[in-house]
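Trainee: To start, I am sharing the structure in question, which I have written as structure tokens.
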Amino acid sequence: MRYPLVSKGAVLGILFSAAALSVNAQKIEEQELKVNVDKISNSTEHLKNLQPVTFKYDVQKYKHLKLPAGEQYGFLASSVQSEYPAMVYEATKMYDQGKNNSKVARYSEVQSENLIPVLVAAIKEQQAEIELLKKEIDLLKKKSK
Numbered sequence: 143m144r145y146p147l148v149s150k151g152a153v154l155g156i157l158f159s160a161a162a163l164s165v166n167a168q169k170i171e172e173q174e175l176k177v178n179v180d181k182i183s184n185s186t187e188h189l190k191n192l193q194p195v196t197f198k199y200d201v202q203k204y205k206h207l208k209l210p211a212g213e214q215y216g217f218l219a220s221s222v223q224s225e226y227p228a229m230v231y232e233a234t235k236m237y238d239q240g241k242n243n244s245k246v247a248r249y250s251e252v253q254s255e256n257l258i259p260v261l262v263a264a265i266k267e268q269q270a271e272i273e274l275l276k277k278e279i280d281l282l283k284k285k286s287k
């Protein structure tokens, strides 16, 4: 290497920049960041209305969108929209249509990861119901003796 001091200086500059960024980082408390926090209710009822599906993207017809090939698991955006409208968004992908010409494709997508809190809430609802049913069974067993 012809300029060893230049490369060492560049590395030191990057390290100092990274250190400065971490020192100047603003710490925001979760309670300040998230507003209108509320529990998820009736999740089991809403989930019963969703229809999980398998599907394949038409990668031949829509090559320009570079969609994943093979079998996919998910939901149709149209069915999720009625139960959880905030989980459906309009995705956009820009693609070349020729020399100096680009187009934008728009289609509905489901933010599947947002279903995780709903699934946890549904499990908790079901578990509470199971515990209640267990108590009822135990009570009935005691009465029948």
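Note that our numbering has the sequence shown beginning at 143, numbered continuously upward. Note that the Cβ used here is the ideal one computed from N, Cα and C, for glycine as well. This structure is a prediction, so every number in the text was calculated from the model and none was measured.
#1: Report yes if the C-beta distance between Ala233 and Glu251 is below 8 Å; otherwise report no.
#2: Please give the ranges of any beta strand (DSSP E) in the region 160-203, keeping only runs that are unbroken, at least 3 residues long and fully inside the region.
#3: Going by beta carbon distance, what residues of the same chain come within less than 8 Å of Val260, once the five residues before and after it are set aside?
#4: Can you tell me whether Leu282 is buried or exposed, with buried defined as 16 or more other CB within 10 angstroms of its CB?
#5: In the DSSP assignment, find the unbroken alpha helix (DSSP H) run with Ala263 in it and report its ends.
#6: Which of helix, strand or coil does DSSP assign to Ser220?
#7: Alpha carbon to alpha carbon, what distance is there between Leu218 and Gln253?
#8: Check whether the region 267-279 and the region 240-250 touch, using three or more Cβ-Cβ pairs below 8 Å as the test.
#9: Could you tell me the distance, in whole angstroms, from the CA atom of Ala263 to the CA atom of Lys203?
Mentor: For this structure:
#1: Numbered from its first residue, the sequence shown carries residue 233 at position 91. Numbered from its first residue, the sequence shown carries residue 251 at position 109. Contact flag set, yes.
#2: With a minimum length of 3 residues, the continuous beta strand (DSSP E) runs that stay inside the region 160-203 are 194-197.
#3: Your numbering for residue 260 matches position 118 in the sequence shown. The answer, listed in chain order, is Ile182, Ser185, His188, Leu189, Tyr226.
#4: Counting from 1 along the sequence shown, the entry for residue 282 is found at position 140. Exposed.
#5: As a working mapping, residue 263 is identified with position 121 in the sequence shown. First-last of the alpha helix (DSSP H) with Ala263: 257-286.
#6: Residue 220 sits at position 78 when you count from the first residue of the sequence shown. Helix, per DSSP.
#7: Counting from one through the sequence shown, the residue named residue 253 turns up at place 111. Counting from one through the sequence shown, the residue named residue 218 turns up at place 76. Linking Gln253 to Leu218 through their CA atoms gives a straight-line distance of about 11 Å.
#8: no
#9: What you label residue 263 is simply residue 121 of the sequence shown in a count that begins at 1. What you label residue 203 is simply residue 61 of the sequence shown in a count that begins at 1. Approximately 39 Å between the Cα atoms of the pair.
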